Ligand SMILES: [Cu+2]
């Protein structure tokens, strides 16, 4: 009986060691991705209540494998999409962004006039000073979530 217990404990210990070496299968959904650091996350409300809000943040990536951000969700919004500005017919226009590739050491800013996330149908509960959770999904299905501070249309972006 004692021996059986000892064997089980040893087994548990060795699988713990394996997990810390990163050899366990990665769960399908994780809350966070190794090496991804998000800072300065904010949601800027539209000037008219109910209009889409823009989400900005900075991404620093120090992981080993290349990642591709391919989708974004914003808690409470009707839907969300990645947008970017491009020149089209002599004018800067907003359009759907291509997936965003990240290699180790890359820094990418989602910022006014560039890449951003558009949160459609923002809920009435979104008020300046509050927060909402933003989730990015990378190719393969891993996710990283972070809170973003809600700001009024006229506030600093
Ligand atoms: Cu947009």
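In our numbering, the protein residues as written are 33 to 189. Ideal placement from N, C-alpha and C gives every residue a C-beta, glycine not left out. No experiment lies behind these values; they were computed from the predicted model shown.
*Roughly how many whole angstroms lie between the Cα atoms of residue 121 and residue 127?*
If you draw a straight line from the Cα of residue 121 to the Cα of residue 127, it is about 13 Å long.
*In the DSSP assignment, what residue or residues form a beta bridge with residue 159?*
Bridge partners of residue 159: none, in fact.
*What span of residues does the beta strand (DSSP E) with residue 92 cover, start to end?*
Residues 85-93.
*Segments assigned beta strand (DSSP E), at least 3 residues, entirely inside the segment 115-161*: Fully enclosed beta strand (DSSP E) runs of 3 or longer: 123-128, 132-134, 139-142, 148-152.
*Confirm the yes/no value for this check: CB of residue 124, any heavy atom of ligand 1, distance under 7 Å.*
Checking the Cβ of residue 124 against ligand 1 gives no.
*Could you have a look at residue 77 and say whether DSSP puts it in helix, strand or coil?*
The answer is coil: DSSP assigns residue 77 none of H, G, I, E or B.
*Could you round the C-beta distance between residue 104 and residue 149 to whole angstroms and report it? I think they count as a contact, below 8 Å.*
5 Å between Cβ atoms; contact.
*C-alpha distance - residue 110 paired with residue 78, whole-angstrom precision*: It is roughly 15 Å from the alpha-carbon of residue 110 to the alpha-carbon of residue 78.
*Tell me which same chain residues have a C-beta within less than 6 Å of the C-beta of residue 155, skipping the five on either side of it?*
For residue 155, where only same-chain residues beyond five positions count, the Cβ hits under 6 Å are 108.
*Cβ distance (whole Å) where residue 136 is taken to contact residue 174 below 8 Å*: Not really, about 16 Å apart at Cβ, beyond 8 Å.
*Taking DSSP as the reference, what is the three-state secondary structure of residue 174?*
It is coil, neither helix nor strand.
*Closest by CA to residue 169, which one among 116, 67, 93, 102?*
Nearest neighbour of residue 169 by Cα position, chosen from 116, 67, 93, 102, turns out to be 102.
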